[in-house]
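Residue numbers (the UniProt record's numbering): 1 to 615. Where is the CB? At the ideal position from N, CA and C, for every residue including glycine. Bear in mind that the values here come from a model prediction, so they are computed numbers and not experimental data.
Listed below in structure tokens is the structure:
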């Protein structure tokens, strides 16, 4: 395959409009800043060097070697992954993929249908549990860990602490979930520190709202299990009788103030009260620090003192920004290096949650993820990418976490998404290299896990279950009985895994990707008849030390052969002489350097060229 590009001297675009001399190698700083603030193909955002590469795993599923996969199967039937399954070799394999952080999803104790009464843990009612294993976002005890994940249930916290140490020993950092908006209906902490009052323990349950209540109440109205909810299909769940004793009923997690939430509500959860009176114009009562704020701060401090390095904060926008503005600085007094990542879906509030709320990073789901998903499905154009950096996250793109899969989203290889894991190659390259912000990989994504079959509660929806016990077949091939060497992968899967490893390792190490400027080259190439700017996307990332040219082809079936142009003004912004000749070394394939930019772009392909003066 060719990797061609024209020598810089052949690139044509006038310089006068940008105030740059054709004989100046590096424009004066003031001129460059004018370009960054006025040129529509770039941004004046100041790059920062904080490129996290996050590997997310569903901890309950990651180390499970059982392959029975019976719908609604019990822990004994379908197996479960343990903290201890995440061994040194497993962590080294993750590290070799370029990861800097591991997000252990589902660590904190949550409601489940599995019986741990012999270990002193109360049995949950199946009528308010989703799935046999339960949702990791229906927290049952903020001060404890999921007993499923322990070999010795009574030793479960020490097993988690050992995992944290093991992760650090393998040069990785630890992120866990913080679920601030809601808890399980069966919430009751039996592990909280001495002297700590439990959530709701001191609430006035005779009023719908009080600033220092932890929950919202519906006085005089008992809770009603949603009509038609069938926890385990044809099977019978523990204590299942279509009833759950809760009087007065509490408001449901997704802001439903009714004693009878619907089956598609988050009926298994109850909403936490941060001092906002939802039923009276959302009036805020922050004159004194609400009790829930104090309790949640103490919970975060509890986990921070266990050497956790960061928190992925569930549904962060459903909690008032004033709370985050207060609590994140409080936690950074404990550990200034703590990282806070917010799950967020309202682009209009991104800037507020970053600047006022002090979040380090927010999800970029409704912007870049949704745009790339459309491209991968053959439904969108690269204009979606331009819109994201130019408008939606302009000025703070380095604070946006980019991804193509996570526990909430469909698998790329599923029939509900792209149906082909290779569709991720151009999209993941853009996700990882478009800006200085973090990028995330979900376990199994790198081997094309398609999430076939109905596991239980969630049915066959293109997602790997978070509700039931299950083995993840393609991931298990990579796991190879605990060797974590990919020994059972097909040649195609090995090739895909190697792509992710090369891309993410480059992402974590490249000076230009970690902290470089950005300049889009769509306008510079739109006159080339072989440059389909609806399916091709090109840009440069650069620092004084490194210059990269990145080009991707989203087409599933078309090969393009454009002659790419890097305008002289862009060469000068990068500190390169437009009249000099350069070599272009493709870093993903490590092909031999070339001296021209006459590209052959295969379907669903990506190329990252390092630009160096010809010797």
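Close beta carbons around residue i, own chain, < 7 Å, minus the five adjacent residues each side
i, result
"residue 347", "366, 367 and 392"
"residue 470", "61, 69, 78 and 455"
"residue 539", "518, 519, 520, 521 and 550"
"residue 163", "83 and 86"
"residue 430", "372, 385, 537 and 552"
"residue 151", "82, 84 and 159"
"residue 332", "338"
"residue 116", "147 and 153"
"residue 480", "486, 487 and 488"
Where residue i falls: helix, strand or coil (DSSP)
i, result
"residue 531", "coil"
"residue 323", "helix"
"residue 209", "coil"
"residue 184", "strand"
"residue 318", "helix"
"residue 454", "coil"
"residue 110", "strand"
"residue 295", "helix"
"residue 607", "strand"
"residue 189", "coil"
"residue 418", "coil"
"residue 289", "coil"
"residue 465", "coil"
"residue 273", "coil"
"residue 248", "coil"
"residue 259", "coil"
"residue 281", "coil"
"residue 412", "coil"
"residue 121", "coil"
"residue 40", "coil"
"residue 613", "strand"
"residue 477", "helix"
"residue 589", "coil"
"residue 103", "strand"
"residue 155", "helix"
"residue 34", "helix"
Close Cβ partners of residue i (< 8 Å) along its chain, the five nearest in sequence each way excluded
i, result
"residue 48", "398, 436 and 515"
"residue 243", "127 and 225"
"residue 415", "450 and 462"
"residue 394", "43 and 45"
Test item: CB-CB of residue i and residue j under 7 Å
i, j, result
"residue 401", "residue 352", "no"
"residue 175", "residue 312", "yes"
"residue 257", "residue 226", "no"
"residue 186", "residue 140", "yes"
"residue 213", "residue 318", "no"
"residue 354", "residue 323", "no"
"residue 270", "residue 183", "yes"
"residue 438", "residue 54", "yes"
"residue 72", "residue 232", "yes"
"residue 99", "residue 484", "no"
"residue 547", "residue 611", "yes"
"residue 136", "residue 110", "yes"
"residue 587", "residue 566", "no"
"residue 132", "residue 523", "no"
"residue 278", "residue 320", "no"
"residue 149", "residue 59", "yes"
Residue-chain proximity (residue i, chain C), Cβ-Cβ < 7 Å
i, result
"residue 304", "The displayed structure is made up of one protein chain only, and chain C is not part of it."
Cutoff 6 Å; reference residue i; Cβ partners in own chain excluding five residues on either side
i, result
"residue 23", "Because residue 23 carries a pLDDT of 42, less than 50, the predicted location of this residue cannot be relied on, and the following value inherits that uncertainty. Excluding sequence neighbours, residue 23 sits near nothing in its chain."
"residue 247", "222"
"residue 501", "97"
"residue 555", "535 and 603"
"residue 343", "314, 315, 316 and 363"
"residue 57", "443"
"residue 173", "101 and 309"
"residue 376", "418, 423 and 427"
Complete beta strand (DSSP E) runs within the segment 48 to 100 (minimum length 3 residues, chain order):
The qualifying runs are 53 to 58.
Which ranges would you report for the alpha helix (DSSP H) in the segment 367 to 399 if only whole runs of at least 4 residues count?
Runs found: 370 to 376 and 383 to 387.
Are there three or more Cβ pairs, one per stretch, closer than 8 Å when the segment 152 to 159 is compared with the segment 476 to 491?
Segments in contact, no.
What ranges does the beta strand (DSSP E) occupy inside the segment 215 to 245, keeping only unbroken runs of at least 3 residues that lie completely in it?
Segments of the beta strand (DSSP E) lying fully in the segment 215 to 245: there are none.
Let me know the alpha helix (DSSP H) ranges lying completely inside the segment 329 to 371, each 4 residues or longer, listed in chain order.
Correct list: 350 to 355.
Just to confirm the assignment: which complete beta strand (DSSP E) runs, minimum length 3, are found wholly within the segment 515 to 578?
Segments of the beta strand (DSSP E) lying fully in the segment 515 to 578: 517 to 520, 536 to 542 and 547 to 553.
Validate contact between the segment 112 to 131 and the segment 205 to 212 using beta carbons, cut 8 Å, 3 pairs:
Here the segment 112 to 131 does not lie against the segment 205 to 212, with fewer than 3 beta-carbon pairs under 8 Å apart.
Taking 8 Å as the cut-off, does the segment 419 to 426 touch the segment 350 to 364 (at least 3 CB pairs, one atom from each stretch)?
In short, these stretches do not touch, since the Cβ pair count stays below three.
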